[in-house]
Amino acid sequence: MRKAKRTILIAMLVCAALVPICSAVTATETAQQKRVSAQDLPRKYQANQAKVTAPQSKERVVHFPKDRHLGTLRLQDDTNEHPSILNTDFEYEYFGSATGDVTVPAGKRLILFVGQDAWKDFSPLSNLRPDDLYQLLVSGSYSGGPKPGDVCMKHLAGLTGLKQLRLDNTNITYRGLRHVVGLQSLNYLQISSTRLGDRALPYVAELKHLKTLVLGGSNVTDDGLRHLSGMNSLEEVFLWVNKIRGPGLRHLAELPNLHYLFLKGTNYDGKCKFTDSSLWYLKDVKSLRKIRLARGLQITDVGIAHLAKLAGLEGLNLYGNLITDAGLAHLKSLNSLKELDLRKTKISSGALMQLRQMKSLEYLKLPSSVTDAGLAYLAKFDKLKCLHVGIGDGRITDAGLSHVAKLHRLEELSISGKDITDAGMSHIAKLTNLRFLKLWTDQVTNAGLAKLTTLKSLKKLYIYRANISTSGLAHLNELPNLTELIVHNLKQDSKPLNIAGLHNLKKLTILFERKSEFRDQDLACLAKLMRLKSLQISHRGISNEGLKHLAGLTSLRRLSVGGKLVTDDGLAHLANMNKLSSLTLTGNFTDRGLRHLERLKALTLLDFMAGANFTPTPRALNQFRKKMPHLSLLRDYGKSQKQRPKSRR
Numbered sequence: 078m079r080k081a082k083r084t085i086l087i088a089m090l091v092c093a094a095l096v097p098i099c100s101a102v103t104a105t106e107t108a109q110q111k112r113v114s115a116q117d118l119p120r121k122y123q124a125n126q127a128k129v130t131a132p133q134s135k136e137r138v139v140h141f142p143k144d145r146h147l148g149t150l151r152l153q154d155d156t157n158e159h160p161s162i163l164n165t166d167f168e169y170e171y172f173g174s175a176t177g178d179v180t181v182p183a184g185k186r187l188i189l190f191v192g193q194d195a196w197k198d199f200s201p202l203s204n205l206r207p208d209d210l211y212q213l214l215v216s217g218s219y220s221g222g223p224k225p226g227d228v229c230m231k232h233l234a235g236l237t238g239l240k241q242l243r244l245d246n247t248n249i250t251y252r253g254l255r256h257v258v259g260l261q262s263l264n265y266l267q268i269s270s271t272r273l274g275d276r277a278l279p280y281v282a283e284l285k286h287l288k289t290l291v292l293g294g295s296n297v298t299d300d301g302l303r304h305l306s307g308m309n310s311l312e313e314v315f316l317w318v319n320k321i322r323g324p325g326l327r328h329l330a331e332l333p334n335l336h337y338l339f340l341k342g343t344n345y346d347g348k349c350k351f352t353d354s355s356l357w358y359l360k361d362v363k364s365l366r367k368i369r370l371a372r373g374l375q376i377t378d379v380g381i382a383h384l385a386k387l388a389g390l391e392g393l394n395l396y397g398n399l400i401t402d403a404g405l406a407h408l409k410s411l412n413s414l415k416e417l418d419l420r421k422t423k424i425s426s427g428a429l430m431q432l433r434q435m436k437s438l439e440y441l442k443l444p445s446s447v448t449d450a451g452l453a454y455l456a457k458f459d460k461l462k463c464l465h466v467g468i469g470d471g472r473i474t475d476a477g478l479s480h481v482a483k484l485h486r487l488e489e490l491s492i493s494g495k496d497i498t499d500a501g502m503s504h505i506a507k508l509t510n511l512r513f514l515k516l517w518t519d520q521v522t523n524a525g526l527a528k529l530t531t532l533k534s535l536k537k538l539y540i541y542r543a544n545i546s547t548s549g550l551a552h553l554n555e556l557p558n559l560t561e562l563i564v565h566n567l568k569q570d571s572k573p574l575n576i577a578g579l580h581n582l583k584k585l586t587i588l589f590e591r592k593s594e595f596r597d598q599d600l601a602c603l604a605k606l607m608r609l610k611s612l613q614i615s616h617r618g619i620s621n622e623g624l625k626h627l628a629g630l631t632s633l634r635r636l637s638v639g640g641k642l643v644t645d646d647g648l649a650h651l652a653n654m655n656k657l658s659s660l661t662l663t664g665n666f667t668d669r670g671l672r673h674l675e676r677l678k679a680l681t682l683l684d685f686m687a688g689a690n691f692t693p694t695p696r697a698l699n700q701f702r703k704k705m706p707h708l709s710l711l712r713d714y715g716k717s718q719k720q721r722p723k724s725r726r
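Numbers 78 to 726, taken from this note's numbering, label the letters of the sequence shown in order.
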């Protein structure tokens with residue numbers, strides 16, 4: 078009996094001693110934990126890693142808390158390639174709220190966008206199975222609001238089947254990043270935090286299967302980059318280089334599979350340590366196939382000379398950097414180059430003569446300074462699939478398009494010139510392999526648009542500043558494969574809009590010139606575009622009757638619509654758009670209008686634009702916010718509220 082009492086007493090003392098230790102772990106970091114190396118941490122998670130199953134081929138149930146919202150869920154087909162920096166052409170499908178038991182269909186990846194409410198307590202994530210989630214996204218406020226920090230991170234440690242982790246605009250430090258080392262299934266890690274430095278990289282280096290690493294807004298230096306040298310699976314790296322002088326880049330040569338490097342920084346104030354000479358340290362990174370240098374780095378011809386030593390380079394993006402004709406001469410030796418972006422650089426048309434020997438070019442993007450004479454040099458580029466010339470202020474004319482018409486393999490064309498006319502459209506009409514066409518021109522009319530109906534493979538058409546009217550757009554019904562259509566500066570005429578034949582459209586933007594506006598009857602044809610996911614139209618002329626035509630577009634994710642005659646009754650026609658996540662309105666709205674919008678549970682962004690008369694009572698507004706768990710921004714730019722737009726918080 079005496080022995081039993083002594084055992085109980087010892088147990089009580091042990092428990093009493095453990096309480097403050099556990100509390101200290103929660104509040105900060107114990108001295109013992111701080112001494113744990115990055116190499117030791119993965120052992121803690123091996124048990125969970127063993128529970129990770131094969132790709133989800135069967136329907137499954139994921140158990141979220143029943144009494145709170147963790148965020149919004151998205152689905153993605155598991156047949157898609159893994160999203161990456163380069164591979165962004167994929168779609169999310171809204172799936173609902175992360176609340177209660179959720180049945181995930183077979184063959185689908187589950188993605189969780191964590192809501193701000195969940196930052197206070199991430200503990201429910203600890204109760205998920207290791208491979209319940211494919212991707213987890215946590216994003217801080219970009220408008221001065223809160224940002225998630227280290228306290229959130231420990232609850233992620235059990236998600237050892239997680240493939241992709243995005244931590245955007247956070248306050249996470251190396252202490253929080255310790256908890257990701259057990260996530261050995263990760264192929265994509267994105268972290269944006271100004272509090273992140275070299276001490277975080279040893280933990281990142283333990284992710285042996287990582288293919289994509291994005292370090293945005295960080296304070297990583299040359300010394301920190303040495304920790305990446307053993308990450309043999311890395312294929313893509315994004316670095317914020319304001320504190321990187323260059324020597325650390327040599328460690329990238331030890332990454333055998335690194336093929337894409339994106340360097341970003343801000344050198345406008347002269348405080349960025351990354352300069353032209355920094356690029357010299359990339360000369361031995363022979364695995365590199367693509368490099369992008371953000372315009373903020375202000376790289377000159379001197380820096381480009383260093384890149385000429387990378388003979389295997391296939392893609393180079395110099396958008397917005399200070400490159401001249403002299404710098405372009407350094408690239409002549411890059412015989413493997415397939416992609417070159419020179420937009421917003423300082424090269425002239427004459428410099429394009431230096432590109433003639435680069436017969437491997439397939440994607441070429443040129444600045445607005447290039448003229449018809451420059452395009453003449455490109456006529457023999459028989460492999461060219463993509464050509465962009467200028468962004469809105471180009472100098473190309475119909476004569477220049479005659480050279481472009483010889484590029485029969487073109488699939489993507491973006492061209493700019495105020496003197497391009499309907500005659501120029503005859504040249505473009507010969508490019509029957511085009512899938513994407515973007516035009517900046519003042520003189521093309523309905524007749525010119527009709528000539529483009531030969532482009533049966535066209536999927537995306539963007540037209541800016543043209544002299545086209547509503548009846549002219551009817552010609553596009555002969556292009557049934559169009560999935561995206563953007564038209565700016567459209568003019569109204571006697572015939573109503575008719576694009577009902579574009580039944581494959583997923584994205585539609587139509588903005589009228591200032592003297593014109595929509596009529597309710599113009600929206601009638603949109604009722605047949607059942608695949609639309611994004612719709613943006615001018616906020617003029619529309620009434621509640623016009624909105625009635627949109628009621629059946631329940632696949633919409635984004636909608637921008639309105640007019641002075643739109644009222645609460647008009648919002649009733651939007652109430653069944655249960656996938657809508659972004660809504661921009663003008664009109665006259667009260668408490669009653671908010672009650673219609675309460676049914677849009679997927680809504681994350683609600684804007685009332687200039688000209689809107691939004692007059693809810695404080696009580697109704699508070700009630701609305703409580704019923705909209707995922708609404709992160711509600712902004713009123715209208716005349717009813719003169720102060721700055723407010724976020725939900």
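Even glycine gets a Cβ: it sits at the ideal position worked out from N, Cα and C.
Asked                                                                                                                                                                   : Found
Kindly examine the ligand FMN and report whether one of its heavy atoms sits closer than 7 Å to the Cβ of K320.                                                         : Although the ligand FMN was asked about, the structure shown includes no ligands whatsoever.
Measuring alpha carbon to alpha carbon, tell me which of K341, K625 and T644 ends up nearest M654.                                                                      : K625
From the DSSP secondary-structure annotation, give me the bridge partner or partners of K367.                                                                           : Y337 and G392
In whole angstroms, give me the CA-to-CA distance for S503 and N566.                                                                                                    : 22 Å
Check whether the Cβ atoms of L147 and A195 lie closer than 8 Å to each other.                                                                                          : yes
In the DSSP assignment, find the unbroken alpha helix (DSSP H) run with D645 in it and report its ends.                                                                 : D645 to L648
If L326 sits next to L365, beta carbons under 8 Å apart, how far is it from one beta carbon to the other, in whole angstroms?                                           : Incorrect: roughly 11 Å between the Cβ atoms, too far for contact.
If you reduce the DSSP assignment to three classes, tell me which class Y219 lands in.                                                                                  : coil
Tell me whether Q569 sits in a helix, a strand or coil according to DSSP, three-state version.                                                                          : coil
Nearest to D519 by alpha carbon, out of T661, T165, K536 and R542?                                                                                                      : R542
Would you kindly report the start and end of the unbroken beta strand (DSSP E) that includes D684?                                                                      : L682 to F685
Tell me which same chain residues have a C-beta within less than 7 Å of the C-beta of G618, skipping the five on either side of it?                                     : E594, F595, R596 and G640
State the DSSP-derived secondary structure class of R79, mapped to helix, strand or coil.                                                                               : Confidence at R79 is low in this model, with a pLDDT of 44, below 50, so the placement of that residue should be treated as unreliable; the coordinate-derived value is given next. If DSSP states are grouped into helix, strand and coil, R79 belongs with the helices.
Name the residue from T149, G404, D155 and T250 whose alpha carbon lies nearest to the alpha carbon of E136.                                                            : D155
Out of S203, D209 and T237, state which residue places its alpha-carbon closest to the alpha-carbon of C229.                                                            : S203
Buried or exposed for Q434, please, with buried defined as at least 16 other CB atoms from any protein chain shown within 10 angstroms of its CB.                       : exposed
So, for L588: in the same chain, excluding its five sequence neighbours on each side, which residues have a beta-carbon less than 8 Å away from its beta-carbon?        : V564, H565, N566, L567, Q613, I614 and S615
Going along the chain, which residues of its own chain have a beta-carbon closer than 7 Å to the beta-carbon of A104, five neighbours each way excluded?                : Because A104 carries a pLDDT of 38, less than 50, the predicted location of this residue cannot be relied on, and the following value inherits that uncertainty. Excluding residues within five positions, none has a Cβ falling inside 7 Å.
Helix, strand or coil for D144 per DSSP?                                                                                                                                : coil
Measure the alpha-carbon distance for F207 versus F141 and round it to whole angstroms.                                                                                 : Looking at the sequence itself, residue 207 is Pro, so the reference to Phe does not match. Each residue's Cα considered, the two are about 13 Å apart.
Can you list, in chain order, the residues of its chain with a C-beta nearer than 6 Å to that of V447? Leave out the 5 residues immediately preceding and following it. : S426 and V466
Under 8 Å, do V297 and L278 count as touching if we go by C-beta distance?                                                                                              : yes
Taking D570 as the reference, which of N544, H580, S479 and L651 has the closest Cα?                                                                                    : N544
Is the beta carbon of A577 sitting closer than 8 Å to the one on H552?                                                                                                  : no
To the nearest angstrom, report how far apart Q153 and A628 are at their CA atoms.                                                                                      : 26 Å
With DSSP run on the structure shown, which of helix, strand or coil describes G494?                                                                                    : strand
Leaving out five residues before and five after L359 in sequence, what residues of the same chain have Cβ atoms less than 6 Å from its Cβ?                              : L326
According to the neighbour-count rule (16 or more other Cβ atoms, all chains shown, within 10 Å of its Cβ), is T547 buried or exposed?                                  : buried
My guess is that Q261 and L244 are in contact by the Cβ rule of under 8 Å, so how many angstroms apart are they, rounded?                                               : At roughly 18 Å, the Cβ-Cβ gap does not stay under 8 Å, so Q261 and L244 are not in contact.
Since S355 and E331 should fall inside the 8 Å C-beta cutoff, what is the C-beta to C-beta distance between them, to a whole number of angstroms?                       : In fact, because the Cβ distance is near 18 Å, the residues do not count as touching under 8 Å.
Does the Cβ of T694 have 16 or more other Cβ atoms within 10 Å, making it buried, or fewer, making it exposed?                                                          : exposed
Rounded to whole angstroms, what's the CA-CA distance from A382 to S445? Just pull it up for me.                                                                        : 24 Å
In whole angstroms, give me the CA-to-CA distance for T380 and T352.                                                                                                    : Note on identity: in this sequence residue 380 is Gly, with Thr being the wrong assignment. Roughly 8 Å between the two C-alpha positions.
Assign Q109 to buried or exposed, taking buried as 16 or more other Cβ atoms, counted over all protein chains shown, within 10 Å of its Cβ.                             : Note on Q109: pLDDT 40, under 50, position unreliable in the model; the coordinate value appears next. The residue is exposed, with fewer than 16 neighbouring Cβ atoms inside 10 Å.
Could you pull the DSSP bridge partners for G639 from this structure?                                                                                                   : T663
Around the Cβ of T165, are there at least 16 other Cβ atoms within 10 angstroms (buried) or fewer (exposed)?                                                            : exposed
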